[in-house]
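Participant: Could you have a look at this structure, given as structure tokens, before my questions?
Protein chains in written order, with the numbering used here: chain A, 46 to 538; chain B, 91 to 778.
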């Protein structure tokens, strides 16, 4: 083993991200943990996360020099709650904690963003509860419930343990408390030293400050206040709808949710004399009585034309938007090794985040006496390891200004995904990894793609066994190629 | 004792908000916010029943979120007949029903007047089988609780939402107060136009390019904008209030109001506002705009620009008479008589322009439309009805498009005569394979031959003479087309329906190889029978959808099939121009489907599928076809507006567009099934 190398370990068997980077320079070792979570509701997820956390603490000797949290989705941070007693134990030491600027409570833009997210979360939490009110068969409700697995914690709450964080905000608070004063909120364009030995640096690519980039689906003009207004209105509309539809929800609001206010159910906008209950109209129509319009609407032959559930599509759209927006707040990092190799960890950054990487240079301005700032295409051209974003879904890896710029012959790709789990989600299953993207990655890396589900061990061992393979492969269970994790060791120099 | 009959009323008058309820709370607009819509009295549009229901519309006021089914309004009640319907109010759902009904009917009537025929809604497959009568469009004034409204093709309905205004930034609305999209004149017109356009051009709802989706939105906005200017109440108020005649300010001010109720009209507003320092729009912006809403907004702005030009030229003389030598923008405090005259000119300009835009719809290709083609269609349709252009309307429109860099493809110049569609020409067919002597086929003759004898039937006959040989013989093929003008809604529907099947029959039967191939070339589709398939080398696109031929049973499966065509529309129209011009047209739209694939190699493989290999399911549907414009006065085929099914470039552009678009939304990752049931217009509005 060379005395100057880095090992990148991907924990397997989880639809979620948990990466451990072990940088060795001579006698010095630096341990970096990037995310630690699993999609909620996956079978045995909690036990798996606890095993993983125990393993990584053992490997690092309970010393985490740098903890990076890319964004607040459960599949990136649930482990900190599920194994909180292990990782927040007194004898575990944290060096620095890196978060995106969006997590800074003293940043006005971040606070506004969080307020917007909270409204939407509340609306979606209410919608998801409709599954218990006779709407579990509705496509939109099911889509919303599935997407909430990124947001909400679904383990049964442990009543005895008050310290256990029960939602993503509490996890972030616990991480901040553990890191103490050594918290860094990173801005795009920042350049940070990771380890002094040899000069191991990180470039902060995202999340962008630009709202249009942050929300790719909004037009790029118009003042910021309007951007917030629109989405807030959508969230309010969903909340109002669900409350009106099912007033009973308020009393049993989800304890895991933040700030569910105790306001009244929202009835019809019209005064009592103008009201006329739906059920009465239906009963009359079924008895061939009542208004002609009602008989036409309730005509069994035309049931497909009824609109009883169309209002729920708005919640569906909001859930997708929220997911996409939160992904775009991902802290996207490019680690530059002393020999100029780059390891790209974009979190779950989506199109807008990727596109923003070219908006600034690294560092943002020319420093006196320093070399010229670096541009993003330079960084991308030197990528030798790419952590594939958002479990290799179709739009979380940019083609033209992303993958196609990664020209280094040594490129390796790691996809933290379990296809089997992804396919069980939602109504039609989630398309992860996206076939075409995986194929493109296989082409570009000459087969050096490591997936979170160890289903293609033969292929990956063959690819890494080639004479020109840039890295060695290690498994927890080296003999069988299985186990909790897979690791690549990149020589430096 | 029976009394002598009274004369019937001229119209049924219904009151609506001219803008929306919010305008009633502002001092400057409160006085002009009520307009009266006059609808035809009598039963031509069907008996009016509580709902309201007639032959076109069925207003159903169900509110599933609130668990309500509001009482339907009965517009025949004596109390309402005596006072032009319910007075505008937000608090009575029955007024909401009255308003959506009245404004939707007004929109329908605007289309019928310009097109010269009845409006029918989107045809569903089951409509052909079930004898359910003429399909109606359902309108739900309180279907959703969100800042949204949309047209649903599957449910053949307009769904309107209502929502609480934001507590923090509600503009001039009451914070937390209710806002109803069903009370906004412009939103109702916009959504009704979506439904009408979808009935007219069902393929325009398919995403084939960045223009195709944008066109639907833009056209709906254009109609809403121009219909607004046909309301004298609104326009006079604006002219009087502004005092001056800085008409650009006035018009754009209206458009600004247009955007208040929801955020979704923002694009329109900004398109009008965004001008360079020289007061001119940036022509490069159109070429750079990729987002459909942004492109649509540019089209709306181009039409709006034309409206300003037309209005200016129509009022120049008036202003010279009253205020000689004074600059337009400096005029203030106009005389009420002048305001009335200017209002008349403004509403007339808008009305003419609206008719031009609507008439153009019959001169457009059946699939994959782009904005340049819309310009050519406007110019050609207007030219056919009104050969000269003394007031320069067509020039005003061309100028509006030119200033924004919207150019048609393959045109010599932007002169009006260069923009006309090329007249239908005889088709040259190669007879003995490649290199053989081509034979010219005058396809226009087909319709002349078929339609002119119909006119001969009306010649003077000797009532005592021998009956003609043809008498009692059932006409076949094109001759069997029924072109007798129908005024009853139902009769017109049945006639259009039957004519569609007659054209289809004509296309399915061979007229001999040379003629068939001439029509294939003309229509840009393939409908040849198996007999020809062996001879024509480029007729091997296995991706084109096939008919199972019943005639040739017993042949191997692959041989029994031949390309299928669809007849989307057969519409007989009768138009009259402002000076009594009369034009009778038959519009025929023929299309064909082809399986499209997002991967070029897969496409090539599927196009030349080896014998025996099962075909793969398509990633998207690619269509080709043509619109035929036939002059019924003399049977000539005037234009063939074509999009070829085997157009390699168009297929590539369509594929590139779909590939590029999929990266913008996460929906594809979470809903793996391709044919998601999403409401296309709802999604466009929700921007998910």
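Glycine included, each C-beta is placed from N, C-alpha and C at the ideal position.
#1: Along chain B, in chain order, which residues have C-beta atoms closer than 7 Å to that of residue 342 of chain A?
#2: Measuring only between beta-carbons, confirm whether residue 236 of chain B sits less than 7 Å from chain A.
#3: So that I know if they touch, is there some Cβ in chain A lying closer than 7 Å to that of residue 656 of chain B?
#4: Could you tell me whether any Cβ in chain A is nearer than 7 Å to the Cβ of residue 214 of chain B?
#5: Mapping the DSSP letters down to three states, classify residue 110 of chain B as helix, strand or coil.
#6: For the beta strand (DSSP E) containing residue 124 of chain A, name the first residue and the last one.
#7: Pick out the complete alpha helix (DSSP H) segments inside the stretch 446-517 of chain B, 4 residues or longer, and give them in chain order.
#8: Where in the stretch 656-681 of chain B do unbroken runs of the beta strand (DSSP E), each at least 3 residues long, occur, reported from the N-terminal end onward?
#9: Going straight from the alpha carbon of residue 263 of chain A to that of residue 257 of chain A, what length do you get?
#10: Compute the Euclidean distance between the alpha carbons of residue 178 of chain A and residue 594 of chain B, then round it to the nearest angstrom.
#11: Output the distance between the C-alpha atoms of residue 183 of chain B and residue 315 of chain A, rounded to the nearest integer angstrom.
#12: What is the residue span of the beta strand (DSSP E) that residue 154 of chain A lies within?
#13: In chain A, which residues lie less than 7 Å from residue 158 of chain B when you measure between Cβ atoms?
#14: Under 7 Å, Cβ to Cβ, is there at least one residue of chain A near residue 116 of chain B?
#15: Between the stretch 88-100 of chain A and the stretch 497-510 of chain A, can you find at least three pairs of beta-carbon atoms closer than 8 Å?
#16: Which class does residue 289 of chain B belong to by DSSP, given the choice of helix, strand or coil?
#17: Reducing DSSP to helix, strand and coil, say where residue 312 of chain B ends up.
#18: Based on the DSSP secondary-structure assignment, which residues constitute the bridge partners of residue 138 of chain A?
#19: One question on the structure: do residue 461 of chain B and residue 496 of chain B come within less than 7 Å of each other, judged by their Cβ atoms?
#20: With a cut-off of 8 Å, do at least 3 Cβ pairs link the stretch 527-536 of chain A to the stretch 46-60 of chain A?
#21: Look at the Cβ atom of residue 136 of chain B, then the Cβ atom of residue 212 of chain B, and state whether they are nearer than 7 Å.
#22: Taking the DSSP output, what are the residues bridged to residue 410 of chain B?
#23: Exposed or buried, residue 380 of chain A, counting other C-beta atoms within 10 Å across all chains shown (16 or more means buried)?
#24: Just checking my contact of residue 452 of chain B with residue 740 of chain B at CB under 8 Å: how many whole Å lie between their CB atoms?
#25: Using beta carbons (cut-off 7 Å, strictly below), is residue 428 of chain A in contact with chain B?
#26: At least one CB of chain A closer than 7 Å to the CB of residue 241 of chain B: is that the case?
#27: Who are the Cβ neighbours of residue 156 of chain A in its own chain at under 8 Å, not counting the five residues just before and after it?
#28: Considering only their Cβ atoms, is the gap separating residue 491 of chain B from residue 392 of chain B smaller than 7 Å?
#29: Measure the C-alpha to C-alpha separation of residue 406 of chain A and residue 420 of chain A and round it to an integer number of angstroms.
#30: Starting from the C-beta of residue 100 of chain B, find all residues in its chain whose C-beta is less than 8 Å away, skip the five residues before and the five after it, and write them out in chain order.
#31: What residues from chain A crowd round residue 308 of chain B, counting only those whose CB sits closer than 9 Å?
#32: Considering only DSSP beta bridges, list what residue 540 of chain A is partnered with.
#33: Does residue 365 of chain A come out as helix, strand or coil in the three-state DSSP assignment?
#34: Excluding the 5 residues flanking residue 48 of chain A on each side, which residues of the same chain have their C-beta closer than 6 Å to its C-beta?
#35: List, in order along the chain, the chain B residues whose C-beta lies closer than 8 Å to that of residue 280 of chain A?
#36: Given a cut-off of 7 Å, decide if residue 224 of chain A and residue 75 of chain A are closer than it, judged by their beta-carbon atoms.
Facilitator: Reading from the atomic positions:
#1: Within 7 Å of the CB of residue 342 of chain A, the CB atoms of chain B belong to 150 and 152, in sequence order along the chain.
#2: Between residue 236 of chain B and chain A, the shortest Cβ-Cβ separation is below 7 Å.
#3: By this cut-off, residue 656 of chain B is not an interface position.
#4: Under the Cβ criterion of 7 Å, residue 214 of chain B is not counted among the residues facing chain A.
#5: The answer is coil: DSSP assigns residue 110 of chain B none of H, G, I, E or B.
#6: Looking at the DSSP string, residue 124 of chain A is not in any beta strand (DSSP E); the run it does join, the alpha helix (DSSP H), is 119-127.
#7: The stretch 446-517 of chain B contains these whole alpha helix (DSSP H) runs: 461-475, 483-493 and 506-509.
#8: Complete beta strand (DSSP E) runs here, min 3: 656-666.
#9: With a pLDDT of 38 at residue 263 of chain A, under the threshold of 50, the predicted position of this residue should be treated as unreliable, and no value is reported.
#10: Taking the straight line from one Cα to the other gives about 50 Å.
#11: About 7 Å.
#12: No beta strand (DSSP E) holds residue 154 of chain A; the alpha helix (DSSP H) holding it covers 153-174.
#13: Those are 313, 320, 321, 322 and 323, listed as they occur along chain A.
#14: No, residue 116 of chain B does not count as interfacial toward chain A.
#15: Counting C-beta pairs closer than 8 Å gives fewer than three between the stretch 497-510 of chain A and the stretch 88-100 of chain A, which falls short of the contact rule.
#16: If DSSP states are grouped into helix, strand and coil, residue 289 of chain B belongs with the helices.
#17: In the structure shown, residue 312 of chain B sits in a helix (DSSP, three-state: H, G or I).
#18: According to DSSP, residue 138 of chain A shares a beta bridge with A:108.
#19: Yes, the Cβ-Cβ distance between residue 461 of chain B and residue 496 of chain B is below 7 Å.
#20: The stretch 527-536 of chain A vs the stretch 46-60 of chain A: in contact.
#21: No. Outside cutoff.
#22: In the DSSP output, where bridge partners are listed per residue, residue 410 of chain B has none listed.
#23: Of the other Cβ atoms in all chains shown, 16 or more fall within 10 Å of the Cβ of residue 380 of chain A; this residue is therefore buried.
#24: Actually they are not in contact, since the Cβ atoms of residue 452 of chain B and residue 740 of chain B sit about 22 Å apart, beyond 8 Å.
#25: False, the Cβ-Cβ gap to chain B never drops below 7 Å.
#26: False, the Cβ-Cβ gap to chain A never drops below 7 Å.
#27: Excluding sequence neighbours, residue 156 of chain A sits near 150.
#28: Less than 7 Å divides the Cβ of residue 392 of chain B from the Cβ of residue 491 of chain B.
#29: The alpha-carbon atoms of residue 406 of chain A and residue 420 of chain A are separated by roughly 5 Å.
#30: Only 128 and 131 meet the Cβ criterion.
#31: Chain order gives no chain A residues near residue 308 of chain B, where near means a beta carbon separation below 9 Å; the closest approach is about 15 Å.
#32: The question about residue 540 of chain A has no answer here: the residues shown for chain A are numbered 46 through 538.
#33: Helix.
#34: Taken in chain order, the residues that qualify are 71.
#35: Result: empty, since nearest Cβ-Cβ is about 10 Å, beyond 8 Å.
#36: For residue 75 of chain A and residue 224 of chain A, no; Cβs fall outside 7 Å.
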